[in-house]
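Chemist: Read in order, the letters of the sequence shown are residues 400 to 722 in this note's numbering. Backbone N, C-alpha and C define an ideal beta-carbon position, used for all residues, glycine too. Small disclaimer: the values here were computed from a predicted structure and weren't measured.
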Amino acid sequence: MKSGAIGGRDRSQRRSISLVHILAGACVAGVSGMASSAMAAEPGAMNWGPGAPGTYFGALPPVPGIFLLNKTGYLTASEYNGPDGNRDPLFDLDQKAAVSVSRIMGVWPVDLDGWRFATQVVIPYAYNNTDFDNIPVSGEVDGFGNLGAVQIANYTFGHYHNIGGAIGYAAHTSSYKTSRQINVQNGYSTADVSVHYNYFDPTGLDFGVMAGYHRNNRNEDTDYLSGDLFATDFKLTYAVTDKLKIGGYGGFLVQIEDDKIGSTTIANRRFRGLNLGPTVMYDFGHSTVSLSYQFSVLAENAPKANAVWLSLSTPLYVPKPKI
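(1) If you run the structure through DSSP and keep just helix, strand and coil, what is Pro488?
(2) Is the distance from the Cβ of Val688 to the Cβ of Gly464 below 8 Å?
(3) For my contact list, Asn469 and Ser501 are in at a C-beta cut-off of 8 Å; report their separation, rounded to the angstrom.
(4) Is it the case that the region 629 to 643 contacts the region 605 to 615, given that we only count it when at least three CB pairs across the two stretches are under 8 Å?
(5) Could you name the residues that DSSP lists as bridge partners for Asn674?
(6) Per the DSSP calculation, Ala630 is bridged to which residue(s)?
(7) Excluding the 5 residues preceding and the 5 following Asp491 in the sequence, name in chain order all residues of the same chain whose CB lies nearer than 8 Å to its CB.
(8) Tell me whether Ala666 is buried or exposed, calling it buried when 16 or more other Cβ atoms sit within 10 Å of its Cβ.
(9) Assign Lys719 to one of three DSSP states: helix, strand, or coil.
(10) Less than 8 Å between the C-beta atoms of Gly672 and Ser695, yes or no?
(11) So, are the CB atoms of Ala638 and Gly676 less than 8 Å apart?
(12) Would you identify the three-state DSSP class for Trp514, choosing helix, strand or coil?
(13) Could you tell me the distance, in whole angstroms, from the CA atom of Ala704 to the CA atom of Asn674?
(14) First and last residue of the beta strand (DSSP E) that includes Gly547?
(15) With three or more C-beta pairs closer than 8 Å as the rule, is the region 587 to 601 touching the region 643 to 652?
(16) Using the Cβ count rule (16 or more neighbours within 10 Å means buried), how would you classify Thr518?
(17) Could you round the C-beta distance between Gly563 and Tyr554 to whole angstroms and report it? I think they count as a contact, below 8 Å.
(18) Have a look at Gly513, Ala569 and Val520 and flag the residue whose alpha-carbon is nearest the alpha-carbon of His558.
(19) Would you report the Cα separation of Thr640 and Asp622, rounded to the nearest angstrom?
(20) Could you give the C-beta distance for Lys642 and Asp591, rounded to a whole number, given that I count them as a contact under 8 Å?
(21) Going by DSSP, what residues sit across from Trp708 in a beta bridge?
(22) Closer than 7 Å by C-beta to Leu715: which residues in its own chain qualify, once you throw out the five before and the five after it? Chain order, please.
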């Protein structure tokens, strides 16, 4: 069984978000909540989700400084798919959610033979309004999700290639309450590690792939442990002009370990999700804006969700070059 989360990695960082925490046996073992998340297929306490990568997708701005990266999205879900990938009418729902994930990224003034580094602070804020049709679960809540930190390393080679990796941690800092049926964040922390490759031709093709492993910690309030996750994000865009890009983003997320309540394994509740959608990106010079649509192609033990994302990257402070 899987809960979604608001908030995790930058695709330097990662997920889109699974919206509902459907508890095994419909709220067993005193675990009363359903945690919503904000991207179209992201269980676990990640701040960022598959299929909704940031504008840099693992790469870094070309100069050192302090940058703001923000993704703001609105998503809806009306049906939940069971382990066979088909709709489970018991969990039909009406969910509307919004999330804004801000990242303050500091790019270090260091270049070690092509290796560059950056540090991010991740601040998610979310709103969730959920009402299940056939079970007595509903609620409306907003608040901060789990705050996170990400350390990024990136290496550029040739004219168009870069590779890199990141480690991140999303701390349990949100206002999760077991007394609430609906939350904006899971009640546990998550550590993750990811690697990426990006081919970027500013006059043509831009292709990227990012893969990451997410290790979830136990919810101490409920003794519930969400299984670890593997996520892959990918993008393919083309520069129509020197300012405009069009293409698509996608992401695949799979739960690779079973959930547990105490020492009891919850069988047949592993999450899988695949999201795809078009994107358009425009470079205003100092700032870049992208608009993306994500829809659920595959959802197992998860709601089918549609999401619209608006992304912004802009410098806050760039030091003057030394003469």
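Modeler: Reading off the structure:
(1) Three-state DSSP puts Pro488 in a helix.
(2) Against a cut-off of 8 Å, the Cβ pair of Gly464 and Val688 comes out as no contact.
(3) A Cβ-Cβ separation of about 5 Å places Asn469 in contact with Ser501 under the 8 Å criterion.
(4) In the pairwise beta carbon analysis, the region 605 to 615 is classified as touching the region 629 to 643: at least three pairs are separated by under 8 Å.
(5) Bridge partners of Asn674: Gly650 and Ser695.
(6) Beta-bridge analysis with DSSP links Ala630 to Gly611 and Leu652.
(7) Only Ser477, Glu478, Tyr479, Phe531, Asp532 and Asn533 meet the Cβ criterion.
(8) Exposure of Ala666 is indicated by the presence of fewer than 16 other C-beta atoms within 10 angstroms of its C-beta.
(9) Lys719 carries a coil assignment under DSSP once its states are collapsed to helix, strand and coil.
(10) Against a cut-off of 8 Å, the Cβ pair of Ser695 and Gly672 comes out as a contact.
(11) The answer is no: Cβ separation not under 8 Å.
(12) Under the three-state reduction of DSSP output, Trp514 falls in the strand class.
(13) Across the structure, Ala704 and Asn674 are spaced so that their CA atoms are roughly 9 Å apart.
(14) Where Gly547 is concerned, the enclosing beta strand (DSSP E) stretches over Gly547 to Phe556.
(15) Between the region 643 to 652 and the region 587 to 601, the count of C-beta pairs closer than 8 Å stays below three; the two stretches do not touch.
(16) With fewer than 16 other Cβ atoms inside 10 Å of its own Cβ, Thr518 counts as exposed.
(17) The pair is a contact, with the Cβ atoms about 6 Å apart (cut-off 8 Å).
(18) Measuring from the Cα of His558, the nearest candidate turns out to be Gly513.
(19) CA-to-CA, the gap between Thr640 and Asp622 works out to about 53 Å.
(20) For a cut-off of 8 Å, the C-beta gap from Lys642 to Asp591 is around 33 Å, too long to register as a contact.
(21) According to DSSP, Trp708 bridges with Gly472 and Ser691.
(22) Excluding its 5 nearest sequence neighbours in each direction, Leu715 has C-beta neighbours in its own chain below 7 Å: Ile465, Phe466 and Leu467, listed in chain order.
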